[in-house]
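S.K.: Got a structure for you, questions after.
The following block contains the structure:
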């Protein structure tokens, strides 16, 4: 079962928290306590045709990194979809041969099927090693080799644990895809945090206590709904494994703790000490490189990571 809950910390090591959290296709948790402090919100993403520079970035990525007979981890997001399409086109025309994909969720699996990218027969094996993987990140801090995954909720909520598993354990090389506008000097905005549904309110209260004065905490709803009332609890998102996602919303000053700018690792460590926190959407020092989609042309940015860029 790829939907295995892991304790993810700043070193990129995954330690199992499986005794309560591996509940694939669990739809039985429908009773929700009234939240004390969490707003419910969802993000909507407009559907539009890809821009030429985005397609150029996808082609550049495939030219730079994809080779015959590789096992490739398939990410999500618009840029990832374009990469999957480009791989499928090259397989169909014989430019590439023997490439097999490993999905990080239903969206990338559907994209692979649609574009003719075969999935590896052992795709469900969480110990499967892939040669290279890619995913579109929501923000990238190049100087700190830090990025955020899992902010968007359309067309469906992110399967964030599978994305993190791929990046931190399965991929020998993991490449971030990012829009030029999302390359920032300091991470800010939303940080998704995956928490246990059974104890969500207590966990969210502790998270709120940690970041009070520095950020707001919202409980994520299903796509297409918006609950601006701080006490609203209609239609909260519950994953197939039995998790909620809360979003820590930082302001324009970026990630803060106790009113001061701090290293991302410091906040991540504090969050992971809270009972009920399963994972955060941060990836710190994991990406080997980033391919930046820019109107002026794609850019390859090497990053400090766990291994060499090969």
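Numbering (the numbering used here), first residue to last: 2 to 311.
Glycine is no exception: its CB is placed at the ideal position from the N, C-alpha and C atoms.
(1) Given that a residue counts as buried once 16 or more other Cβ atoms are within 10 Å of its Cβ, and exposed if not, what is residue 220?
(2) Please return the same chain residues whose Cβ sits closer than 6 Å to the Cβ of residue 112, not counting the five positions on each side in sequence.
(3) Which same chain residues, not among the five before or five after residue 302, have their C-beta less than 7 Å away from its C-beta?
(4) For residue 159, which residues from the same chain have a beta carbon less than 6 Å from its beta carbon, with the 5 sequence-adjacent residues on both sides left out?
(5) Just to confirm the assignment, what range does the alpha helix (DSSP H) spanning residue 89 have?
(6) Would a check of beta-carbon distances place residue 131 closer than 7 Å to chain B?
(7) Alpha carbon to alpha carbon, how far is residue 174 from residue 133?
(8) Tell me whether residue 104 is buried or exposed, calling it buried when 16 or more other Cβ atoms sit within 10 Å of its Cβ.
(9) What does the alpha-carbon distance come out to for the pair residue 278 and residue 75?
(10) If residue 188 and residue 149 are in contact, beta carbons under 8 Å, what's the gap, nearest whole angstrom?
(11) Determine the closest residue to residue 255 out of 205, 299, 216, with distance taken between C-alpha atoms.
(12) What is the DSSP secondary structure of residue 256, reduced to helix, strand or coil?
(13) Can you grab the Cα-Cα spacing for the pair residue 99 / residue 171, in whole Å?
(14) With three or more beta-carbon pairs closer than 8 Å as the criterion, would you say the segment 195 to 210 touches the segment 250 to 270?
(15) Answer with buried or exposed for residue 40, where buried requires no fewer than 16 other C-beta atoms within 10 angstroms of its C-beta.
(16) Would residue 79 and residue 299 be called neighbours here (beta carbons separated by less than 7 Å)?
(17) When DSSP labels each residue in this structure, what does residue 238 get in the three-state scheme?
(18) Does residue 274 pass the burial test, meaning 16 or more other C-beta atoms within 10 Å, or should it be called exposed?
(19) Any idea what DSSP makes of residue 272, helix, strand or coil?
(20) Hey, how far is the Cα of residue 248 from the Cα of residue 107?
(21) Leaving out five residues before and five after residue 93 in sequence, what residues of the same chain have Cβ atoms less than 7 Å from its Cβ?
(22) Please classify residue 123 as buried or exposed, where buried requires at least 16 other C-beta atoms within 10 Å of its C-beta.
(23) Can you tell me whether residue 217 is helix, strand or coil according to DSSP?
(24) Would residue 121 and residue 200 be called neighbours here (beta carbons separated by less than 7 Å)?
(25) Applying the 10 Å Cβ sphere with the 16-neighbour rule, what's the burial state of residue 62?
(26) Going by DSSP, what residues sit across from residue 146 in a beta bridge?
(27) Helix, strand or coil, according to DSSP, for residue 171 in the structure here?
(28) Residue 66: buried (16+ other C-beta within 10 angstroms of its C-beta) or exposed?
(29) Can you list, in chain order, the residues of its chain whose CB lies under 7 Å from that of residue 203, leaving out five sequence neighbours each side?
(30) Starting from the C-beta of residue 295, find all residues in its chain whose C-beta is less than 6 Å away, skip the five residues before and the five after it, and write them out in chain order.
M.R.: Judging by the given coordinates:
(1) buried
(2) 82, 85
(3) Closer than 7 Å at Cβ, skipping near neighbours: 143, 290, 291, 293.
(4) 151
(5) 79 to 94
(6) No chain B appears in this structure, which consists of one protein chain only.
(7) Distance between residue 174 and residue 133, taken at the CA atoms: about 5 Å.
(8) Around the beta carbon of residue 104, 16 or more other beta carbons lie within 10 angstroms, which makes this residue buried.
(9) For residue 278 and residue 75, the distance between alpha carbons rounds to 26 Å.
(10) 6 Å
(11) 216
(12) coil
(13) 19 Å
(14) No: fewer than three Cβ pairs fall under 8 Å.
(15) Unreliable placement is indicated for residue 40, whose pLDDT of 44 sits below 50; no coordinate value is reported for it.
(16) no
(17) coil
(18) exposed
(19) Residue state, collapsed to three classes: helix.
(20) 22 Å
(21) 117
(22) exposed
(23) Reduced to three states, the DSSP call for residue 217 is strand.
(24) no
(25) buried
(26) Looking at the DSSP assignment, residue 146 forms no beta bridge with any residue, so it has no partner.
(27) helix
(28) buried
(29) 277
(30) 181
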